[in-house]
Amino acid sequence: MFKTIVGIFGVIIALVLGGCGDDMKVALDNGTKEKTILVVGATPEPHAVILEQIIPLLQEDGISLEIKEFTDYVTPNLSLQDGSLDANFFQHEPYLNTFNKEKGTALVNVAGVHLEPMGVYSNKIKSLKELKNNDLISIPNDPSNGARALRILEKEGIITLKKDVELASVQDIIENPKNLSFKEIDAPQLTRTLDDVSASIINTNFAFLAGLNPLNDAIAIESKDSPYVNILVVKQGRENDENIQKLIRALQSPSVKDFIMQKYGGGILPAF
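Each position in the sequence shown, counted from 1, maps to that position plus 454 in the working numbering.
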């Protein structure tokens, strides 16, 4: 008797579900469908701010963007290498190449997004011409950004560097008429040295965090043809991942270009 009742009940359920047909299947599919989550590491300004602008675009593509902020240049690459991140957005290619070489990581550039001209800032002088003998200048302590800072001073006629040196260091200065001294500091800390040095050469993202704008506040600025475009980076092997490609399209969209120009007024330039 129990088996008969169970059998009849099963037939009824089958008929009910069968009557619902494809509509029930669609409803179930929609109810259980999960969005893809992409975790992207970034420094706060402007990288995380730019990423926030593409959240709606990615949602339309079925992707939920999680932005993880970092305040240094090392951890986001290590986190990408160990799989904690799907991508990161904070660095330029010369820095990435140096990092891969020094740390043995396998990270690759997949898209250029914007250029942040590095600037020379000072609380003590209004022009590099005002530098005095034996003055102290602070620069980033990582090889790629340190070299970048020294190239600015060379272009301004303050120092001369050895020729044919890819990543020039303080040791590669061959002419230093004012006998300037250089203090190499972690890039995030450079703005804190402004009261202690005659000038500091600072990455724009950290300058922004201190309320400084390269167009308005820098006493000298990197040229706009700089090769130091800020890039989106992934672990090698994920370059053609469908969701990474969606992320690239969103970051290089017309709306992001318009946002960069309106928000930063030329202090940051789109690179696409």
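All C-beta atoms, glycine included, are put in the ideal place defined by N, C-alpha and C.
Computed from a predicted structure; not experimentally measured.
Check whether ILE612 and LEU582 have beta carbons under 8 Å apart:
Using a Cβ distance threshold of 8 Å, ILE612 and LEU582 count as a contacting pair.
Which residue marks the beginning of the beta strand (DSSP E) containing ASN684, and which one marks its end?
683 to 689 is the extent of the beta strand (DSSP E) around ASN684.
Excluding the 5 residues flanking THR559 on each side, which residues of the same chain have their C-beta closer than 7 Å to its C-beta?
Within the same chain, and ignoring the five residues on either side of THR559 in sequence, the residues whose Cβ sits closer than 7 Å to its Cβ are ASN531, GLN535 and PHE553.
Could you check where the beta strand (DSSP E) with ASN531 kicks off and where it finishes?
Not the beta strand (DSSP E): ASN531 falls in the alpha helix (DSSP H), residues 529 to 535.
Taking 8 Å as the cut-off, does the stretch 535 to 552 touch the stretch 680 to 695 (at least 3 CB pairs, one atom from each stretch)?
Segments in contact, yes.
When DSSP labels each residue in this structure, what does ILE639 get in the three-state scheme?
ILE639 falls in the strand class under three-state DSSP.
Measure the beta-carbon distance from ASN697 to THR490 and round it to whole angstroms, keeping in mind my assumption that it falls under 8 Å.
Confirmed, Cβ separation roughly 6 Å.
Would you mind stating whether PHE726 and VAL567 have Cβ atoms separated by less than 8 Å?
Taking 8 Å as the cut-off, the beta carbon of PHE726 is found closer than this to the beta carbon of VAL567.
Taking the straight line between their C-alpha atoms, what separation do you get for VAL710 and ALA641?
If I take the Cα positions, the gap works out to 26 Å.
Of the residues LEU701, ASN599 and ILE722, which one's Cα is nearest the Cα of ILE517?
Comparing Cα positions, the closest option is LEU701.
Let me check one thing: in DSSP terms, what residues is ASN491 bridge-paired to?
The identity of residue 491 in the sequence shown is Ile, whereas the question assumes Asn. The partner list for ILE491 (beta bridge, DSSP) reads SER518.
For GLN631, which of helix, strand or coil comes out of DSSP?
One point to set straight first is that residue 631 is Pro, not Gln, in the sequence displayed. Of the three classes helix, strand and coil, the one that applies to PRO631 here is coil, per DSSP.
Hey, quick one: how far does the alpha helix (DSSP H) through LEU505 stretch, first residue to last?
It spans 503 to 507 - the alpha helix (DSSP H) in which LEU505 sits, taken as one unbroken run.
How is the alpha helix (DSSP H) around SER592 delimited, first residue to last?
Going by DSSP, SER592 is part of no alpha helix (DSSP H) but of the beta strand (DSSP E) stretching over 590 to 594.
Residue range of the beta strand (DSSP E) that includes GLY573:
For GLY573, the enclosing beta strand (DSSP E) covers residues 573 to 575.
Output yes or no for whether 8 Å exceeds the beta carbon distance between LEU663 and GLY721.
In this structure, GLY721 does not lie closer than 8 Å to LEU663 by Cβ.
Count the other CB atoms, across all protein chains shown, that sit within 10 Å of the CB of VAL651; report buried if there are 16 or more and exposed otherwise.
A residue is called buried when at least 16 other Cβ atoms come within 10 angstroms of its Cβ; VAL651 meets this threshold and is buried.
Given ASP712, which residues of its chain have a CB within under 8 Å of its CB, disregarding the five upstream and five downstream residues?
Answer for ASP712: no residue qualifies.
Considering only residues of the same chain and omitting the five flanking positions on each side of ALA672, which have a CB-CB separation below 7 Å?
If we look at ALA672 and ignore the five residues flanking it on each side, its Cβ neighbours are GLY573, VAL574 and TYR575.
GLU693 beta carbon less than 8 Å from that of VAL528:
No; because the gap between Cβ atoms is not below 8 Å, this pair is not in contact.
Would you tell me roughly how many angstroms separate the C-alpha atoms of ALA603 and GLU547, rounded to the nearest one?
Computed Cα separation, rounded: 16 Å.
Cβ neighbours of LEU519 in the same chain (closer than 6 Å, five flanking residues each side left out):
Excluding residues within five positions, the ones whose Cβ falls inside 6 Å are LEU492, ILE509 and LEU512.
Within 10 angstroms of the Cβ of THR486, are there 16 or more other Cβ atoms? Answer buried if so, exposed if not.
At THR486, the pLDDT of 44 sits below 50, so the modelled position is not reliable; the number obtained from the coordinates is stated separately. The residue in question, THR486, is exposed, as its Cβ has fewer than 16 Cβ neighbours within 10 Å.
Rounded to a whole number of angstroms, what is the C-alpha to C-alpha distance between GLU629 and GLU608?
Rounded to the nearest angstrom, the gap between the Cα atoms of GLU629 and GLU608 is 10 Å.
Look at the alpha carbon of ILE714 and the alpha carbon of LEU723, and state the distance between them as a whole number of angstroms.
The straight-line gap from Cα to Cα measures roughly 7 Å.
Considering only their Cβ atoms, is the gap separating THR647 from SER598 smaller than 8 Å?
In this structure, SER598 keeps its C-beta atom at 8 Å or more from the C-beta atom of THR647.
In chain order, what residues of the same chain lie with their CB nearer than 6 Å to the CB of ALA601, ignoring the 5 residues before and after it?
Annotation for ALA601: LEU621 and ALA622 place their beta carbon closer than 6 Å to its own, counting only its chain and skipping 5 residues before and after.
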